[in-house]
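Keeping their order, the protein sequence lines are chains A and B. The first sequence begins at 0 in numbering that gives the first Met the number 0 and counts up by one. The second sequence begins at 0 in numbering that gives the first Met the number 0 and counts up by one. For every residue, glycine included, the Cβ atom is placed at its ideal position computed from N, Cα and C. Since this is a predicted model, take the numbers as computed values, not measurements. A short write-up of the structure that comes next.
2 protein chains.
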Amino acid sequence: MAEGAGTTRAQIVDAANRLFYVKGFEHTSFAAIAETVGISRGNFYHHFKSKDEILGAVIEARLQSTRAMLAEWDRDEPGPAERVRRFVEIVIANGADIQDFGCPVGTLTNELAKLGHPARPQAVAVFDLFRTWLRAQFEELGLAVEADDLAMHVLAFSQGAATLSNAFHDGEFVRREVDRLHAWLDERLAHGRPIAGSAH
Amino acid sequence: MAEGAGTTRAQIVDAANRLFYVKGFEHTSFAAIAETVGISRGNFYHHFKSKDEILGAVIEARLQSTRAMLAEWDRDEPGPAERVRRFVEIVIANGADIQDFGCPVGTLTNELAKLGHPARPQAVAVFDLFRTWLRAQFEELGLAVEADDLAMHVLAFSQGAATLSNAFHDGEFVRREVDRLHAWLDERLAHGRPIAGSAH
DNA sequence: GAAGCGCTAGGACGCCTGTCCTAGTTGCAG
DNA sequence: CTGCAACTAGGACAGGCGTCCTAGCGCTTC
C-alpha cells in the first residue's frame, strides 16, 4: 500500500483536511469529500472504516505537517527569538484563511469538545506540539522557570487574534496585535525583566 | 402573547441557548430542545417558523442579557478601570463552562462563519457590544485615541484565554493570564505610558 | 351552553446522513 | 494466459434531521 501524496487515500485526507477546516468536521459530509476528490461515495470504506477514522488520519496529517514546519523553522531561523517571532507572524501569513475560518487547531479542538468526540485529545496534541516547541525556545533564551507560562501566553495571543480576526474580518487589528506581542517579546527578552519606555 | 420568563416560548429560547452553547448550533436537534423543555417536537412551529428563527431569538436574548450585565457593571463598579477588570475576571467567573465549551460568543460566531449562516453578523453584534462598552471605559480613562485598540486587545485576551482553557482544561493558566492582563492594565492606566518593574 | 382561539401532541413527509454490500474493473504475479 | 488481490462504482439500508399537517385539548368570552 503506497502512501505517496498522489494516492487516493492521500487525496481523501487532503480534501477532508481542508473541508474540516472550512466547513467544520460535522458539517462536512462524505458526499462533499467525494465530490472534491472525484470518487464515488461508497468507495470510502475501502480506505477508511468510518468518518472518525478519516478524522484521525486528518489530525495525524496535521501533526506531521506541524512537526515538519517547526523543524523547518528550527533549521532556517538563526535563534530562538527569531523562531518565536516566526510563530507570531503566522496569524498574518495565514491571515486570509484565518479571517474566513479562524484557527484550524482552535476551532477543531472546540468543535470536538462540544461534540464530546473521543478524538479531542488527539486534536489537542497539535496545540501541545506548539506549546512544547515554544517552551523549548524560551528555555533556550534562559527563561527556563517561566518558559511554559510564556509559551502558553504566546499561544493564547494567537488564539485571541485568530478568533477576533474571524469575527470582525479585520486585518489591521491583527497587525496591531502582532506588533504588540513583538514589543512584549522585546521587553521579555531584554533581561527577563521589562524595561521602561516601550510602547506596547 | 405574554413574554414572561415562564412561557413556553421563553423556555424554548432558554433551552436552545444553553444547548447551542454546549453542543453547538448545528449539532443541537429539535428533539434535544423538545426533550429539555418537555414538549412535543411538532409543537415548535407554533412559536418559531424555523430553526434559524430560534437561533435569531437566542442571539437576541444574548444581546439583551449582555446589555443588562454591562448596565449592571456600570451601576455597581465605582469607575471605568474597575469595570474593565470586572470584564477581565469573567473568564474566571465562568471558568467551569469555558473549560468545557469555550466562550459562547466566540464559538458561535466561528461556527456560523463556517456554516456560511446569514445570522453571523447578528452573532458578531454581541462582540460589538463588549467592544463598544470597553472602548467607552478606556475613553473615560482619558485614552481616547487608542481606546478601540485597547478594547480589542482586552477582547482578544478573553478569547485566547477561553480557547486554551477549553483545549487544555487548565484553570491555573487562566488565572496567570488574568493576572498578566491586570498588570498590563496597571501599566496602561498609570499614565498611558508603561512604568518599569511590573512583573507582567 | 356555544363559539372561538391559543396552544399542544403526535405523526407523516422528503431529504440527507454515515454505513454497508455487491458486482465489476484494473493491474500485478505466477 | 491465468488467478488473485487491490481498487472502484453505484446503489441499498436504516436512522435522524428540519419541516409541516391535523386533530384535539382547555380556557376565555359572549
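{"Check": "Residues that residue 100 of chain A contacts on chain B, provided the C-beta gap is smaller than 7 Å", "Outcome": "112 and 113"}
{"Check": "Segment contact, 8 Å Cβ cut-off, at least three pairs: the segment 129 to 145 of chain A with the segment 177 to 191 of chain A", "Outcome": "yes"}
{"Check": "Any C-beta of chain A under 8 Å from that of residue 176 of chain B", "Outcome": "yes"}
{"Check": "Residues that residue 179 of chain B contacts on chain A, provided the C-beta gap is smaller than 8 Å", "Outcome": "152"}
{"Check": "Alpha-carbon spacing of residue 168 of chain B relative to residue 76 of chain A, whole angstroms", "Outcome": "32 Å"}
{"Check": "Residue interval of the alpha helix (DSSP H) (run including residue 43 of chain B)", "Outcome": "First-last for residue 43 of chain B: undefined, no H or E at that position."}
{"Check": "Secondary structure of residue 59 of chain A, DSSP reduced to three states", "Outcome": "helix"}
{"Check": "Any C-beta of chain A under 8 Å from that of residue 50 of chain B", "Outcome": "no"}
{"Check": "Beta carbon proximity, residue 63 of chain B to chain A, threshold 8 Å", "Outcome": "no"}
{"Check": "Residue 105 of chain A, enclosing alpha helix (DSSP H) - first and last residue", "Outcome": "103 to 114"}
{"Check": "Proximal residues to residue 29 of chain B (C-beta, below 8 Å), its chain only, five neighbours per side dropped", "Outcome": "40, 43 and 50"}
{"Check": "Backbone CA spacing between residue 68 of chain B and residue 34 of chain A [nearest angstrom]", "Outcome": "47 Å"}
{"Check": "Rounded separation between residue 132 of chain A and residue 53 of chain B - CA only", "Outcome": "44 Å"}
{"Check": "Residue burial classification, residue 79 of chain B (beta-carbon count within 10 angstroms, cutoff 16)", "Outcome": "buried"}
{"Check": "Simplified DSSP state of residue 149 of chain B, which is helix, strand or coil", "Outcome": "helix"}
{"Check": "Selection from A:97, A:92, A:153 and A:57 that minimises the alpha carbon distance to residue 83 of chain A", "Outcome": "A:153"}
{"Check": "Rounded distance between the beta-carbons of residue 125 of chain A and residue 65 of chain A, thought under 8 Å", "Outcome": "6 Å"}
{"Check": "Which of helix, strand or coil DSSP assigns to residue 181 of chain A", "Outcome": "helix"}
{"Check": "Cβ neighbours of residue 173 of chain A in the same chain (closer than 7 Å, five flanking residues each side left out)", "Outcome": "90, 91, 94, 160 and 164"}
{"Check": "Cβ contact (3+ pairs, closer than 8 Å) linking the segment 102 to 122 of chain A and the segment 13 to 28 of chain A", "Outcome": "yes"}
{"Check": "Simplified DSSP state of residue 169 of chain A, which is helix, strand or coil", "Outcome": "coil"}
{"Check": "Inter-residue Cα distance where the pair is residue 102 of chain B and residue 111 of chain A", "Outcome": "14 Å"}
{"Check": "Chain A contact for residue 23 of chain B (CB, 8 Å cutoff)", "Outcome": "yes"}
{"Check": "Reduced DSSP secondary structure (H/G/I, E/B, other) of residue 123 of chain A", "Outcome": "helix"}
{"Check": "Residue environment, residue 98 of chain A, which counts as buried when at least 16 other CB atoms sit within 10 Å", "Outcome": "buried"}
{"Check": "Cβ-based contacts, 9 Å cut-off: residues of the segment 26 to 51 of chain B near chain A", "Outcome": "26"}
{"Check": "Short CB-CB distance (under 8 Å) between residue 129 of chain B and chain A", "Outcome": "no"}
{"Check": "Start-to-end residues for the alpha helix (DSSP H) that takes in residue 35 of chain A", "Outcome": "29 to 36"}
{"Check": "For residue 135 of chain A, the three-state DSSP class (helix, strand or coil)", "Outcome": "helix"}
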